[in-house]
Amino acid sequence: MQIASSGGRRLRHAALAARELVLENGRTVTRKELSAAAREAAKALELRNGPRSVLSELVACWGEQEWERLLVWPSNDYLMSRTGLSERSVRYAFKVLIEQQLIVPKESPNGKRYAVKDLAGELVDAFGFDLTPVYARRGEWAERLIEMKQVQEARKRAFDEITIARRAAEEALRALAEHYPDLDRSDLEEQVKGLKARTPVRSTKAMPHAILDEWIALRMACEQAFLKAGNGGKDCRHTNNNNGSPSESCNKGFPKKAEAVRQSEQTSEHLSPELILEACPTLSDYGQPVRDLADLVSAGRYLRAALGAHESAWAEAVEDIGTVRAAIAVIYVLQLYEDDVAKNGGESRIKNPGGYFRALVRMIKAGKLDLGVELLAMRRRRMS
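Residue 1 is where the sequence shown starts when you use UniProt numbering, and the numbers rise one by one after that.
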């Protein structure tokens, strides 16, 4: 069977390039196979509804003949009735499909589309559209879809990190306003406001990597401002800020402890700092040694912002399960989140770590979850 062209349609480079694509020798393509390739092509090329509908109807016309080319010959009227499109829209869809090298026009001498039969009534050729490129390029569609998925995952991770950085920056500014209301923070607030206005929404296709770097830098600036305010502007806290105890040593800028550890909160060995360090290596993000329960409470209070949990969530946890267990719950949830991110290639099933922290605290309070047992299980998984 030879390719025939009357020259009735404007010659396009894409049509000539697509015509070079061929099927494997002796290969008979089923309609199901062709339909699957067409769906992948439509996704990979992000075709609009019109060209996508026309391509689907062209594929449905394939009669599974044992031909070298996948030829179909539906009329415009038939395609209009099947798709609900106007004739102008159908013609535009042809133009798009040809330019995307999905179909090749095969013109007849009179410009009509029809099948050619032999004396015995068997189909031997046809004039219409050649769908061979759709099927021949199926490997390309698969590769494009993989690349698109990788880009989408990278975008999602970037937007997730932007959300975390934004919440942390806003939390740092709220903490500044609460604890140091006289401190001038207008510059940082204006920077946050301006950056929020320039941050694209998730529904756009923009890659937010540049804006992510700005958010990370701004988060660090806000947290550093809070840290310096707590240190009296120096590397360690003023002795006159240590609850009226000038003999108390500074802790290099980290909060000593947000609430006192009551005697009744002394924990078993299952909740010891040593076990928690083995089960939750994320505790190293605190940047300070954790030797006792007071250090553990300081770490939990400090790392709470990393979960995106509000100050009220911490207050509720302290009230319900005590200061020590509240701090351990923060560290446990943070480790769960990071483990899930590492396990699932950068994406965690915990979409709202702050909300997860609240729910975990309520389960502990209700006796539905034993924090010591969970930490032992986490340590066993890590050591194995």
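All C-beta atoms in this analysis are idealised placements derived from N, C-alpha and C, irrespective of residue type, glycine included.
Query, Result
"Proximity below 8 angstroms, CB of LEU218 to CB of LEU183", "no"
"Inter-residue spacing [alpha-carbon to alpha-carbon] between MET378 and LEU371", "10 angstroms"
"Proximity of ARG31 and TRP62 at Cβ, strictly below 8 angstroms", "yes"
"According to DSSP, residues forming a beta bridge with ASP184", "DSSP lists no partner for ASP184."
"For GLY128, three-class secondary structure by DSSP", "strand"
"Check whether VAL90 and LEU79 have beta carbons under 8 angstroms apart", "yes"
"Outcome for ALA326 when other beta-carbon atoms lying within 10 angstroms are tallied against a minimum of 16", "buried"
"PRO51 versus GLY84, ASP340, THR28 and GLU171, residue with shortest Cα-Cα distance", "GLY84"
"Alpha-carbon spacing of ARG155 relative to ARG137, whole angstroms", "27 angstroms"
"Ranges of the beta strand (DSSP E) found wholly within the stretch 106-178, counting only runs of at least 3", "114-117 and 123-130"
"Extent of the continuous alpha helix (DSSP H) to which ARG291 belongs", "Looking at the DSSP string, ARG291 is not in any alpha helix (DSSP H), and its letter there is neither H nor E."
"Contacts around ALA37, its chain only, beta-carbon distance under 6 angstroms, and the 5 residues preceding and following it disregarded", "VAL134, TYR135 and ARG138"
"Beta-carbon proximity check, GLY354 vs GLY308, cutoff 8 angstroms", "yes"
"Given GLU46 as reference, the closest of LEU145, GLY111 and HIS310 once Cα atoms are compared", "LEU145"
"Cβ contact (3+ pairs, closer than 8 angstroms) linking the stretch 122-133 and the stretch 95-110", "yes"
"Selected residue, minimal CA-CA separation from ARG166, among ALA177, LEU123, ALA210 and GLU214", "GLU214"
"Assigned exposure category for ASP187 - 16 Cβ within 10 Å defines buried", "exposed"
"LEU58, DSSP secondary structure in three states", "helix"
"Separation of ALA317 from GLY244, as counted between CA atoms", "With a pLDDT of 40 at GLY244, under the threshold of 50, the modelled position of this residue cannot be trusted; read the value that follows with caution. Approximately 28 angstroms, taken between the alpha carbons."
"Nearest-angstrom Cα separation, counted from ALA315 out to residue 397", "This structure gives no information on residue 397, because the portion of the chain shown stretches from 1 to 384."
"Whole-number beta carbon distance between TYR356 and CYS280, since they are thought to touch under 8 angstroms", "Going by Cβ atoms, the distance from CYS280 to TYR356 rounds to 15 angstroms, so no, they are not a contact pair."
"Cα-Cα separation, PRO181 to GLU170", "15 angstroms"
"Spatially closest choice to TRP67 from HIS209, ALA120, LEU131 and GLU99, by CA coordinates", "LEU131"
"Option nearest ARG301 by Cα separation, candidates ILE162, VAL324 and ARG358", "VAL324"
"Run of the alpha helix (DSSP H) containing MET363, from where it starts to where it stops", "353-365"
"Counted within 10 angstroms of its Cβ, other Cβ atoms place ARG69 as buried (16 or more) or exposed", "buried"
"Beta carbon of HIS209 nearer than 8 angstroms to that of ALA168", "no"
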